[in-house]
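Have a look at the structure below before the remarks.
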Amino acid sequence: MLSTEEQKAKLEDLLERVQRNRRQMADRSGTPAEAIPLEPTRFSTPEVEEIEAASTDKELIPIDDHEEELPTVVALPDNDDAPVETLELEPVMDEDEEEPELSEAPPEEDYGDLELDSEPEIETSDLVEDDEEMETYVIDEVEEEESEAGCDLPMRDDSSGLKSALHDEISNLMDQSEPASRKSTAAAAAPEIPPEPAVFESSIDADGPVAEISGSAGSSSNTLAYLLAQTAAIGRKPR
Amino acid sequence: MTEPFKPEGFLKFELGSGELASRAQERLVCIPPDVLNADDARTAAREWGQLHGLSIVQESSGGDLEALRSQGIDFFVQYLSGVIAMLGWGSARIESWGPALVVVIRSLPLSHEIACGFIEGIMESLAGESIRAVSFDSGEEVRFLLLNPDAAQVAESEKKKGSGFVQIMDVLLGV
Numbered sequence: 001m002l003s004t005e006e007q008k009a010k011l012e013d014l015l016e017r018v019q020r021n022r023r024q025m026a027d028r029s030g031t032p033a034e035a036i037p038l039e040p041t042r043f044s045t046p047e048v049e050e051i052e053a054a055s056t057d058k059e060l061i062p063i064d065d066h067e068e069e070l071p072t073v074v075a076l077p078d079n080d081d082a083p084v085e086t087l088e089l090e091p092v093m094d095e096d097e098e099e100p101e102l103s104e105a106p107p108e109e110d111y112g113d114l115e116l117d118s119e120p121e122i123e124t125s126d127l128v129e130d131d132e133e134m135e136t137y138v139i140d141e142v143e144e145e146e147s148e149a150g151c152d153l154p155m156r157d158d159s160s161g162l163k164s165a166l167h168d169e170i171s172n173l174m175d176q177s178e179p180a181s182r183k184s185t186a187a188a189a190a191p192e193i194p195p196e197p198a199v200f201e202s203s204i205d206a207d208g209p210v211a212e213i214s215g216s217a218g219s220s221s222n223t224l225a226y227l228l229a230q231t232a233a234i235g236r237k238p239r
Numbered sequence: 001m002t003e004p005f006k007p008e009g010f011l012k013f014e015l016g017s018g019e020l021a022s023r024a025q026e027r028l029v030c031i032p033p034d035v036l037n038a039d040d041a042r043t044a045a046r047e048w049g050q051l052h053g054l055s056i057v058q059e060s061s062g063g064d065l066e067a068l069r070s071q072g073i074d075f076f077v078q079y080l081s082g083v084i085a086m087l088g089w090g091s092a093r094i095e096s097w098g099p100a101l102v103v104v105i106r107s108l109p110l111s112h113e114i115a116c117g118f119i120e121g122i123m124e125s126l127a128g129e130s131i132r133a134v135s136f137d138s139g140e141e142v143r144f145l146l147l148n149p150d151a152a153q154v155a156e157s158e159k160k161k162g163s164g165f166v167q168i169m170d171v172l173l174g175v
């Protein structure tokens, strides 16, 4: 009889294999696993400045050390409950183990792997319109996964049963690919999306002129012209 | 004991949060009367945004549009967020979701229509083609997905059906 820790380790190993298999299938088919990148590329101005506009000298007065203002740029969801609901392994967690561990680690590193076809947007919820809609989205995604992958992962505390189900799931995933209609459509229409977005940041020199250009200014794939053309081309049929 | 009126400090800008406040501590925003009084505020705001777009080109590159367009997006975002902050509209950033550009404004104190029009005007003056913004409210932030008019129409239709940003992007990308 395996101990709880051993069971958990084995389950995590199985899940990693599931995730790896899905990625391999996506690579073989040339179909991006998701249409949206893991996280948005953010362009932001972290500087915090204050201007007394009515003062005659218009001196800019810093109101705070602005380094800590960055969290407002990386906007985390107000509601942390919804991402937790996406963790399908929740029922098999050790009861003695502290649940907060799920939300303490970076979702990209740990919990992205816990989903069979993880969409980190769900976990970071950067683009969720509001809490209620976010929950709806998560539920829809889970249902979609079940229907697409053709597997219904039993949610029960019986770890041996779950392991068995995971083995079956691995077998299914090895044998199955995404529906042909979706794969062919996505391969033909979906633009290439990098698996890891680059992050660019810039700052405002409150005295007026730009003090320094950071990031990849001038690189062809990140110019204003290129990005505007890209976004304006969304939804247009290729000629 | 009486004091004469003192203009100093009547208006206070906080660029970090993009907030403009009066000495009486109420929040203010800058909107020209042509937009406020217009029957079609969005169209008026778009025309206003176009003026700001041209102003950004003038200020950033001496009127050389191509010089600005060839710069990285992080160069431009300084101007966009600076303008948004100085108008008291909140703090702005730009996100790139694959091919989609999204302007995000935190703590936006005015209607989406005016903000959409303004952003559209700025962006299309730089893009050289029509740009429409589709807004998504997400708590304290509002996201403006930049699209061509046809795609924006599809996005608005999907939004009315209850679709979120990601689902709409799936539709637009044909996934």
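First to last, the protein sequences are chains W and X. Under this note's numbering, read the first sequence as residues 1 to 239, first letter to last. Under this note's numbering, read the second sequence as residues 1 to 175, first letter to last. We put the CB at the ideal spot given by N, CA and C, even for glycine. A quick note: this is a predicted structure, and the numbers were derived from the prediction, not measured.
Q) Closer than 7 Å, Cβ to any Cβ of chain W: which residues of the stretch 1-25 of chain X, in chain order? A) From the stretch 1-25 of chain X, only Pro7, Glu8, Gly9, Phe10, Leu11, Lys12, Phe13, Glu14, Leu15, Gly16 have a Cβ closer than 7 Å to chain W.
Q. How close, in whole Å, do the beta carbons of Ile94 (chain X) and Phe43 (chain W) come, if the pair is a contact with beta carbons under 8 Å?
A. With a Cβ gap of about 4 Å, Ile94 (chain X) and Phe43 (chain W) count as contacting.
Q. Can the beta-carbon of Gly162 (chain X) be found closer than 8 Å to that of Ser91 (chain X)?
A. Not closer than 8 Å, so no.
Q: Just tell me which of X:Ala44, X:Glu26, X:Met1 has its CA closest to the CA of Glu120 (chain X).
A: When each option's Cα is compared against that of Glu120 (chain X), the closest is X:Ala44.
**Q.** Interface residues of chain X facing Arg236 (chain W) [CB-CB closer than 8 Å]
**A.** Taking the beta carbon of Arg236 (chain W) as reference, the chain X residues within 8 Å of it are Asn148, Asp150, Ala151, listed in sequence order.
Q | Gly9 (chain X): CB within 7 Å of a non-hydrogen atom of the ligand GTP | A | The ligand GTP is not part of the structure shown, which contains no ligands of any sort.
Q: Consider the Cβ of Leu227 (chain W): report whether some Cβ of chain X lies at a distance smaller than 8 Å.
A: By this cut-off, Leu227 (chain W) is an interface position.
Q: With DSSP as the reference, label Arg236 (chain W) as helix, strand or coil.
A: Correct three-state label for Arg236 (chain W): coil.
Q. Do Leu28 (chain X) and Ala38 (chain X) have their C-beta atoms closer together than 8 Å?
A. No; because the gap between Cβ atoms is not below 8 Å, this pair is not in contact.
Q.
Below 7 Å on C-beta distance, what does Arg42 (chain W) contact in chain X?
A. Result: Arg93, Glu95.
(Q) DSSP has Gly72 (chain X) in a bridge; who is on the other side? (A) Gly72 (chain X) is bridged by DSSP to W:Thr223.
**Q.** Residues bridged to Ile94 (chain X) (per DSSP)
**A.** Per DSSP, W:Phe43, X:Val103.
Q.
Taking the alpha carbon of Glu186 (chain X) as the reference point, which residue from X:Ile122, X:Leu172, X:Leu11, X:Gly98 has its own alpha carbon closest?
A. Any answer about residue 186 (chain X) is impossible in this case: the structure gives chain X only from 1 up to 175.
Q | Interfacial residues, the stretch 2-15 of chain W to chain X, with Cβ spacing under 8 Å | A | Result list empty, no residue passes.
Q: Output the distance between the C-alpha atoms of Arg46 (chain X) and Ala9 (chain W), rounded to the nearest integer angstrom.
A: Cα to Cα, the separation comes out at about 57 Å.
Q) With 16 as the cutoff for other CB atoms within 10 Å, does Pro224 (chain W) come out buried or exposed? A) It should be pointed out that residue 224 (chain W) corresponds to Leu in this sequence rather than to Pro. Leu224 (chain W) counts as buried, since no fewer than 16 other beta carbons sit within 10 angstroms of its beta carbon.
Q: Taking only beta-carbon positions, decide if Asp74 (chain X) is within less than 8 Å of chain W.
A: Closer than 8 Å: yes.
Q) Quick one: is Leu36 (chain X) buried, meaning 16 or more other Cβ sit within 10 Å of its Cβ, or exposed? A) It counts as exposed.
Q) So, helix, strand or coil for Phe118 (chain X), using DSSP? A) If DSSP states are grouped into helix, strand and coil, Phe118 (chain X) belongs with the helices.
Q | Closest residue to Leu110 (chain X) among X:Glu66, X:Glu140, X:Leu101 (Cα-Cα distance) | A | Per the Cα distances, X:Glu140.
Q.
Give me the DSSP bridge partner(s) of Leu147 (chain X).
A. DSSP, once it has assigned bridges, lists X:Arg132 as partnering Leu147 (chain X).
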